[in-house]
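The opening residue of the sequence shown carries number 1 in UniProt numbering; numbering runs sequentially from there. All residues carry an ideal CB built from backbone N, CA and C; glycine is no exception.
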Amino acid sequence: MNYLQYYPVDIVNGEGTRCTLFVSGCTHACRGCYNQKSWSFSAGVLFDEMMEQQIIKDLKDTRIKRQGLTLTGGDPLHPRNLVVLLPFVKRVKQECPDKDIWVWTGYQLGELDNFQQQILPYIDVLVDGKFEQEKVDPNLVWRGSANQVIYRFKV
Ligand code: SF4
Numbered sequence: 001m002n003y004l005q006y007y008p009v010d011i012v013n014g015e016g017t018r019c020t021l022f023v024s025g026c027t028h029a030c031r032g033c034y035n036q037k038s039w040s041f042s043a044g045v046l047f048d049e050m051m052e053q054q055i056i057k058d059l060k061d062t063r064i065k066r067q068g069l070t071l072t073g074g075d076p077l078h079p080r081n082l083v084v085l086l087p088f089v090k091r092v093k094q095e096c097p098d099k100d101i102w103v104w105t106g107y108q109l110g111e112l113d114n115f116q117q118q119i120l121p122y123i124d125v126l127v128d129g130k131f132e133q134e135k136v137d138p139n140l141v142w143r144g145s146a147n148q149v150i151y152r153f154k155v
């Protein structure tokens, strides 16, 4: 899996101060996509063990307290990315149990296959659905279009 960007301190992609990873690769091709350069799975750079370690270290950093980790993109739930992210979120939950995990995906919750559903027990918030230009509402929080749904699995 490749990633396009990593923000070790981010306050705009989920609640609180977060570490945010923008993964490469998305096949939804939403009209008006805000991040078309993320569509290619070969964009960006390899997400390797060193990057995993860096994120874990940042999440544990007590100088700037992070509420959690955000995975966005691109699509973190595309099976090609999930192969890498599923073991990673398990690791994050094990090593940083007090941190929450937010995931943005272009799939709807109801259309996730068995493999994609395996990530759900490890994440706290899922924002689902394609970006639909005709349903854009600037007043929405954490989502761009009104068809998207915010699921909070843990409170
Ligand atoms: S799901 Fe997100 S990244 Fe993928 S095409 Fe739609 S808006 Fe762009």
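Out of the options, which has the shortest C-alpha to C-alpha gap to residue i?
i, options, result
"D100", "L77, G110, G16, P8", "G16"
"Y34", "F153, Y151, K154, E132", "E132"
"P121", "L71, H28, K93, G68", "K93"
"K68", "W102, I150, V23", "In the sequence as displayed, the identity of residue 68 is Gly instead of Lys. Comparing Cα positions, the closest option is W102."
"Q118", "V9, P87, L4", "P87"
Any beta carbon of chain C sitting closer than 7 angstroms to that of residue i?
i, result
"P79", "Given the protein chain composition of this structure (a single chain), no chain C is represented."
Quick check: what's the CA-CA separation for residue i versus residue j?
i, j, result
"Q36", "E49", "26 angstroms"
"G25", "L46", "12 angstroms"
"V89", "W104", "14 angstroms"
"L71", "T20", "6 angstroms"
"R152", "T62", "26 angstroms"
"P76", "T27", "11 angstroms"
"residue 201", "I56", "Residue 201 cannot be examined here, being either before or after the span of the chain that is shown, 1 to 155."
"E52", "Q148", "29 angstroms"
"W39", "Q116", "19 angstroms"
Buried or exposed: which applies to residue i, given that a residue is buried once 16 or more other Cβ atoms fall within 10 Å of its Cβ?
i, result
"N81", "buried"
"N139", "exposed"
"R18", "buried"
"F22", "buried"
"G66", "A small correction: the amino acid at residue 66 is Arg; Gly does not occupy that position in the sequence shown. Buried: at least 16 other Cβ atoms inside 10 Å."
Taking C-beta to C-beta, are residue i and residue j nearer than 7 angstroms?
i, j, result
"Q108", "G74", "no"
"M1", "V84", "yes"
Using only the heavy atoms of ligand 1, determine whether one of them is closer than 6 angstroms to the beta carbon of residue i.
i, result
"F131", "yes"
"H28", "yes"
"N81", "no"
"N147", "no"
"S40", "no"
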